Amino acid sequence: MDVKEDARQIAQLGGSEVSFKRRVETVTKGAGSKAYRQEIVTEVYGVSKLNTYSAYGLPGHDKDKNKKSFKANPVNAIVVTQWENHNYGWEKSKVFVTNMDVIKDPFAAFDAYDERSIIENSLFRETKQCLNLKYPIKKTKEGMHLHLIFTMSIFALINAYRQWSEKQYSMMKDGQECGLKRFWKRLKAENRNKVIIFVDHIYGIMEIAECMLLLNVKVKDFENVEASKTEILKRYGISST
911 MDVKEDARQI
921 AQLGGSEVSF
931 KRRVETVTKG
941 AGSKAYRQEI
951 VTEVYGVSKL
961 NTYSAYGLPG
971 HDKDKNKKSF
981 KANPVNAIVV
991 TQWENHNYGW
1001 EKSKVFVTNM
1011 DVIKDPFAAF
1021 DAYDERSIIE
1031 NSLFRETKQC
1041 LNLKYPIKKT
1051 KEGMHLHLIF
1061 TMSIFALINA
1071 YRQWSEKQYS
1081 MMKDGQECGL
1091 KRFWKRLKAE
1101 NRNKVIIFVD
1111 HIYGIMEIAE
1121 CMLLLNVKVK
1131 DFENVEASKT
1141 EILKRYGISS
1151 T
């Protein structure tokens, strides 16, 4: 039996392995004098321990699925009969397979999939679209504007990266340091004489020489110690008195 039909039939029959939840949300639609309140209803059934989904398991798990000795791994499912007032009925109900618990609260897995579907159905599909001005993702005025700006921005970014890469390659051929190696070297040089001081949840970054001076440690580069201390404290907005 197909796992989808299996889940639907078990959900209809009910029992200890089926959990039903109904969610009613009240939302305001429209604005001003035309505003009105509407109830949004969603009904889901959680069905646990389904054993008709042979593909669920480690890679190669279902290679012996036609043998009598084969045992499928149990998996759970959510059957959605009504989604935001759209009643599907049993025959067209939506079925989501999951390994999350569906008995205690089937909406937990249902809501988690809703977030995942944004990535699967929107991000993946839209990022596969060709960056071509002839083929906008949405054929509306706003969609055209967005597609135009996004496409031109991506082209500009790619072109800038190509030019930068060519420059880096040219520098490498001349034996010069470039890219991340040069960046980390410069960063290290800029910060090698600094120290981080923590006091509870507060921290500050200071020059090592200044820190030593405030701790009354002799520092060769500072002749007038007291004047130097006052100047350091003043820079950080602290009174020396």
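All the letters of the sequence shown, read from the start, carry residue numbers 911 to 1151 under my numbering. Yeah, the Cβ is synthetic: ideal placement off N, Cα and C, and Gly gets one too. Predicted model only: the values in this text are computed from it and were never measured.
To the nearest angstrom, how far is the alpha carbon of residue i from that of residue j?
| i | j | result |
| --- | --- | --- |
| K1002 | T991 | 8 Å |
| S1063 | A921 | 50 Å |
| Y966 | F1020 | 19 Å |
| Y963 | M1010 | 15 Å |
| W1000 | H1055 | 42 Å |
| I1142 | M1081 | 41 Å |
| Y1045 | K1095 | 45 Å |
| A1154 | T1008 | Any answer about residue 1154 is impossible in this case: the structure gives the chain only from 911 up to 1151. |
| I1068 | G1147 | 46 Å |
| K1004 | K959 | 18 Å |
With burial defined as no fewer than 16 other Cβ atoms inside 10 Å of the residue's Cβ, what is the status of residue i: buried or exposed?
| i | result |
| --- | --- |
| I1059 | exposed |
| V1025 | Val is not the amino acid found at residue 1025; the sequence shown has Glu there. When all chains shown are included, E1025 counts as exposed. |
| F1006 | buried |
| N986 | buried |
| G1053 | exposed |
| V913 | buried |
Relative to the C-alpha of residue i, which candidate in the options has its C-alpha closest?
| i | options | result |
| --- | --- | --- |
| I1013 | R1072, V989, S1027, T952 | V989 |
| E935 | F980, Y1079, N986, V951 | V951 |
| Y998 | N1126, L968, Q948, R918 | R918 |
| R1102 | A1119, K1049, H1111 | A1119 |
| Q948 | K1091, V954, V937 | V937 |
Our contact map puts residue i next to residue j with C-beta atoms below 8 Å; I'd like the distance itself, whole angstroms only.
| i | j | result |
| --- | --- | --- |
| K931 | P1016 | 5 Å |
| V1129 | M1116 | At roughly 13 Å, the Cβ-Cβ gap does not stay under 8 Å, so V1129 and M1116 are not in contact. |
message: In chain order, what are the residue ranges of uninterrupted alpha helix (DSSP H) at least 4 long that sit wholly in the region 952-1034?
response: 1016-1027
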